[in-house]
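A quick write-up on the structure given underneath.
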Amino acid sequence: MDMSGTHYPSYRKQLIGGLAAMRADAPDVMTAFNELHRASLADGSLSTATKELIALAIGVAARCEGCIAFHVSAALRAGATREQIVEALGVAVMMGGGPATMYAAEAFAALEQYERAS
46 MDMSGTHYPS YRKQLIGGLA AMRADAPDVM TAFNELHRAS LADGSLSTAT KELIALAIGV
106 AARCEGCIAF HVSAALRAGA TREQIVEALG VAVMMGGGPA TMYAAEAFAA LEQYERAS
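In the working numbering, each number is its position in the sequence shown, counted from 1, plus 45.
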């Protein structure tokens, strides 16, 4: 059941627009961040899917809705399963306590929205 007030696929598109505008005004910073992002999430000893699960769990523990919007989508695209995402959310709850539990519910709503959209 989707109880979230946020529609994460739409929210992600909205954030992409904001990031593009920021890239226009701060190209060096955004280029550097994009390169860090690409290098950090590239397949290596850990798969991209595993790294996206880690990023999602940290985003939930840090209470970042934008992170949820991007990393649920990216984890699914990288091949993470629903079960793997739910387990990563469990780790986030363990690490972040009550506040992370609330954001884990948001991430679960995002998962359901992205699954319905595909």
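For each residue, glycine too, the CB sits at the ideal point set by N, CA and C. These numbers were taken from a predicted model, which means no experiment stands behind them.
Could you spell out the range, first to last residue, of the alpha helix (DSSP H) harbouring His116? What you label residue 116 is simply residue 71 of the sequence shown in a count that begins at 1. Where His116 is concerned, the enclosing alpha helix (DSSP H) stretches over 110 to 122.
Could you tell me which of Ser55, His82, Ile99, Ile61 sits nearest to Leu134, measuring between CA atoms? Within the sequence shown, numbered from 1, the residue matching residue 134 stands at position 89. That would be Ile99, whose Cα lies nearest to the Cα of Leu134.
State yes or no: is the C-beta of Ile113 within less than 8 Å of the C-beta of Tyr159? Within the sequence shown, numbered from 1, the residue matching residue 113 stands at position 68. Within the sequence shown, numbered from 1, the residue matching residue 159 stands at position 114. For Ile113 and Tyr159, no; Cβs fall outside 8 Å.
Simplified DSSP assignment, three categories, for Ala87: Sequence index remark: in the sequence shown, residue 87 carries index 42 (1-based). Reduced to three states, the DSSP call for Ala87 is coil.
Whole angstroms is fine: what's the gap from Ala120's alpha carbon to His82's? One-based indexing of the sequence shown puts residue 120 at position 75. One-based indexing of the sequence shown puts residue 82 at position 37. Each residue's Cα considered, the two are about 14 Å apart.
Alpha carbons only, please: which of Met147, Glu110, Arg108, Ile103 is nearest the one belonging to Val136? The count along the sequence shown starts at 1 and reaches residue 136 at position 91. Nearest of Met147, Glu110, Arg108, Ile103 to Val136, Cα basis: Ile103.
Cutoff 6 Å; reference Ala145; Cβ partners in own chain excluding five residues on either side: Here residue 145 is taken as the residue at index 100 of the sequence shown, counted from 1. Closer than 6 Å at the Cβ level, and outside the excluded window around Ala145, lie Val105, Ala106, Ala137, Val138.
Tell me whether Thr126 is buried or exposed, calling it buried when 16 or more other Cβ atoms sit within 10 Å of its Cβ. What you label residue 126 is simply residue 81 of the sequence shown in a count that begins at 1. Thr126 is exposed by the Cβ-count criterion.
Within its chain, find whatever has a CB closer than 8 Å to the CB of Leu60; leave out the 5 residues flanking it on each side and keep chain order. Along the sequence shown, read from residue 1 onward, the residue named residue 60 stands at position 15. The answer, listed in chain order, is Gly111, Ala114, Phe115.
Exposed or buried, Lys96, counting other C-beta atoms within 10 Å across all chains shown (16 or more means buried)? As a working note, residue 96 is residue 51 in the sequence shown. Buried, since its Cβ has 16 or more Cβ neighbours within 10 Å.
I'd like to check one pair, Ala149 with Val117: are the Cβ atoms closer than 8 Å? Translated into the one-based positions of the sequence shown, residue 117 becomes position 72. Translated into the one-based positions of the sequence shown, residue 149 becomes position 104. No. Outside cutoff.
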